[in-house]
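*Asks:* Pasting in a structure now, in structure tokens, and then I'll have a few things to ask.
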Amino acid sequence: MRAAPGRTVHSPFTRATGGHSPYMHTNPDPDPYRTPGLEPGGGVPPGETPPAEGSTPGAGPRETHNPPRGWAKAPLVAIMIVVALFVVGLLAFAVELHR
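The opening residue of the sequence shown carries number 12 in this note's numbering; numbering runs sequentially from there.
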């Protein structure tokens, strides 16, 4: 999305923090200017271990909703009713076949 010269494009991700996404934390890649053993251009000389890759724990928004308990009561009751009806139907079918 481009803005006209002198105008700022606002989005839900940039409005609160002055142009930076609130989900941006730090760059996970190592800084090539402060990483020892790198040659100009980012190469690694023979025998030197290259820097480790960055990880992605902060790649997405923080997940704050985590239900503390297992299944809710309503789905369990609904499943139990369906299973009970199925068992009653099988028993009725078996009784009819036995006659």
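Beta carbons: idealized from backbone N, C-alpha and C, even for Gly.
Once DSSP output is grouped into helix, strand and coil, what is the label at A83?
*Replies:* Taking the sequence shown and counting its residues from 1, one reaches residue 83 at position 72. Coil at A83, not helix or strand.
*Asks:* Report back the beta-carbon spacing between E50 and P56 to the nearest angstrom; my notes put them in contact at under 8 Å.
*Replies:* Numbered from 1 along the sequence shown, position 39 holds the residue referred to as residue 50. Numbered from 1 along the sequence shown, position 45 holds the residue referred to as residue 56. Contact flag correct, Cβ pair sits at about 6 Å.
*Asks:* For A105, which residues from the same chain have a beta carbon less than 6 Å from its beta carbon, with the 5 sequence-adjacent residues on both sides left out?
*Replies:* Against the sequence shown, residue 105 aligns to sequence position 94. Contacts found: none.
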